[in-house]
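Protein chains in written order, with UniProt numbering: chain A, 1 to 330; chain B, 1 to 330. Cβ atoms here follow ideal geometry from the backbone N, Cα and C, with glycine treated the same way.
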């Protein structure tokens with residue numbers, strides 16, 4: 001009980017004022033809290049001129065790549081390779097292009113064997129087409145694509161190095177398999193590898209293509225690929241081949257330079273023989289190489305000219321695997 | 001004799017007119033001829049933003065390079081090397097920096113043994129300085145410089161290839177001898193080659209310098225070198241060493257990228273042992289490598305930071321000398 005103190009009118013008003021201000025303060029705090037919760041989250045927008053790429057995982061869009069692997073009738077190889085590739089540093093996500101029409105993907109089994117280092121997305125296709133892997137997948141969040149055939153194993157060391165090279169040559173196809181075209185006196189082009197005659201620009205050989213079945217390239221080229229003449233798609237569908245030659249034409253036209261940069265692989269393996277499916281790749285077909293020469297000439301017609309350019313630059317990793325792999329007699 | 005014809009006054013005037021007009025025509029022709037001779041010759045000005053580079057020889061300024069070779073006390077090696085280098089395709093001119101103070105150049109003998117494929121200019125020096133070779137020689141007409149030590153033989157094949165690589169990387173030092181610096185826990189830098197620990201960026205080794213004693217670089221860097229802090233010249237003069245380290249600092253600062261691009265030589269030889277002079281290069285001095293570590297730290301002070309960047313790109317020539325030098329088990 002308060003006597004002399006409580007009876008003063010000022011103090012009574014003081015307590016009422018205190019209550020009032022307390023209520024006001026509490027209401028203000030609640031309002032502030034509500035406003036803070038409603039503020040938009042600040043997104044890490046590194047590339048303002050391109051598609052928004054939210055940093056959904058620990059690696060940003062510039063420092064990582066997306067593996068796109070198309071598969072047909074070799075699920076055992078696919079799963080073996082996924083176990084390897086899923087652990088590559090700087091891998092952001094895997095997109096499996098499922099060309100086994102009507103067959104269930106191994107997604108359930110995949111999930112039951114989790115957790116996995118990165119997300120793997122199975123893109124079910126409706127038609128078994130070679131060019132299915134060249135769609136502009138909305139799942140793509142990175143600037144870089146690593147495209148691999150479903151029977152090719154490239155070591156993590158090679159991939160890490162080639163990715164670093166791609167980052168220095170982002171407008172090129174940076175990969176492990178070089179090929180060339182040559183011109184013949186008749187004006188008809190022929191396609192081949194190093195066993196074919198050199199194009200004759202100085203000594204040594206030249207390459208004018210880097211195959212996309214084991215290569216890094218800019219995801220923007222998948223967008224560009226959707227804008228090509230219909231005849232290109234018809235050619236790829238007719239041959240079920242040559243999508244990689246078409247990509248090299250596209251890139252060469254775009255840059256005005258050699259389309260590819262060849263990185264010499266230390267450890268690259270073809271696992272074809274290891275499959276239980278009995279299925280061997282398209283390149284075993286009798287007409288495979290003839291088709292590719294045919295495609296070169298068709299594409300020259302379609303694009304009204306030969307855009308491919310030669311390069312003789314071969315890139316290796318300094319001091320790896322042998323720390324003195326550059327030593328000389330000096 | 002003309003009778004009725006000649007007597008006509010009109011005809012007399014006609015002949016006078018004819019003579020007059022003939023004289024006028026002849027005078028006009030002479031004047032025209034004189035004017036034509038006085039017209040300025042049209043110069044092939046390919047690079048309007050740079051120094052005028054008249055096409056004095058069969059190779060233009062962009063497709064050829066100037067060899068700059070400094071020499072001291074090894075004239076027998078110099079002449080042996082000149083016989084080799086003078087025949088390199090795309091060589092425009094040789095500049096010999098004559099550090100044999102007070103000694104006659106072999107110019108007379110050189111001329112008596114002509115003709116030679118390209119001009120060779122002997123630049124007589126007044127003081128024997130390591131950095132004499134880094135002057136901005138007015139004799140330089142090409143964009144590219146090939147700088148070679150006077151005891152180093154590099155094959156024509158290697159040079160042709162490295163020059164083509166330089167043309168694709170004109171802002172870098174493109175050469176055959178990579179070196180690196182490393183950082184130590186104390187913050188003091190050390191200089192070395194592959195026997196030194198790796199800088200620790202991923203696997204394999206890295207290099208952060210390409211020595212200019214066997215390399216191509218842009219002639220503009222000789223201009224830039226004249227604009228460096230006095231302390232840089234003092235350092236090079238004090239050590240009679242490190243001009244190449246200084247150049248790498250300069251280029252790295254200028255580009256913000258690794259200063260050099262390493263091209264793995266197929267055939268590079270040190271001819272030191274072949275000299276009759278009994279003189280061996282500076283690098284045999286006991287303190288040589290210690291000096292170079294010293295220089296790295298001094299230059300970091302002078303430039304207030306470490307501009308050198310690492311690279312692990314090693315470039316070789318595709319299909320040369322072995323046409324299948326890129327073959328793999330696939």
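- Judged by their CB atoms, residue 324/B and residue 265/B are not nearer to each other than the 9 Å cut-off.
- The residues 318, 319, in chain order, have a CB closer than 8 Å to that of residue 326/B in the same chain once the five nearest residues on each side in sequence are set aside.
- Within the same chain, and ignoring the five residues on either side of residue 303/B in sequence, the residues whose Cβ sits closer than 7 Å to its Cβ are 249, 253.
- The distance from the Cβ of residue 94/A to that of residue 120/A is about 4 Å, consistent with a contact at the 8 Å cut-off.
- In the DSSP annotation of this structure, the continuous segment of the alpha helix (DSSP H) that includes residue 293/B starts and ends at 288–302.
- Comparing alpha carbon positions, the residue from 123/A, 150/A, 299/A, 105/A closest to residue 138/A is 123/A.
- Counting along the chain, the unbroken alpha helix (DSSP H) around residue 255/B starts and ends at 243–255.
- Assignment of residue 21/B by DSSP, reduced to helix, strand and coil, places it in the helix class.
- Just measuring C-alpha positions, the residue of 170/B, 33/B, 246/B sitting nearest residue 218/B is 170/B.
- Taken through DSSP and simplified to helix, strand or coil, residue 163/B comes out as helix.
- Pairing residue 73/B with residue 311/B gives a Cβ-Cβ distance that is not under 9 Å.
- Taken through DSSP and simplified to helix, strand or coil, residue 191/A comes out as strand.
- DSSP links residue 260/A through a beta bridge to 173/A.
- In this structure, residue 316/A keeps its C-beta atom at 9 Å or more from the C-beta atom of residue 173/B.
- For residue 123/B, no CB of chain A lies under 9 Å from its own CB, so it is not counted at the interface with that chain.
- Distances from the alpha-carbon of residue 71/A to those of 309/A, 208/A, 129/A, 183/A put 129/A closest.
- In this chain, the alpha helix (DSSP H) harbouring residue 111/B covers 107–112.
- Residue 61/B has its alpha-carbon roughly 25 Å from the corresponding atom of residue 255/A.
- The beta carbon of residue 307/B sits closer than 7 Å to those of 249, 252, 253, all from its chain and outside the five residues before and after it, given in chain order.
- Interface annotation for the stretch 265–284 of chain B against chain A: 265, 268, 269, 270, criterion Cβ-Cβ distance under 8 Å.
- Beta-carbon to beta-carbon, residue 280/B and residue 272/B are separated by about 6 Å, close enough to satisfy the 8 Å threshold.
- Around residue 165/A, the beta-carbon contacts reaching into chain B at under 8 Å are 313.
- Annotated three-state conformation of residue 309/B is coil, per DSSP.
- Among the residues facing chain A, residue 318/B is included, as its CB has a counterpart in that chain under 9 Å away.
- Contact annotation: the stretch 149–158 of chain B touches the stretch 76–87 of chain B, with at least three C-beta pairs closer than 8 Å.
- Neighbours of residue 160/A in chain B, taken as residues at a C-beta separation under 7 Å, are given in chain order as 202.
- It is roughly 14 Å from the alpha-carbon of residue 132/A to the alpha-carbon of residue 232/A.
- Counted as a single uninterrupted DSSP element, the stretch harbouring residue 142/B is not any beta strand (DSSP E), since DSSP gives it neither H nor E.
- Beta-bridge partners assigned by DSSP to residue 316/B: 314/A.
- Distance from the CA atom of residue 289/A to the CA atom of residue 181/A, rounded to whole angstroms, is 12 Å.
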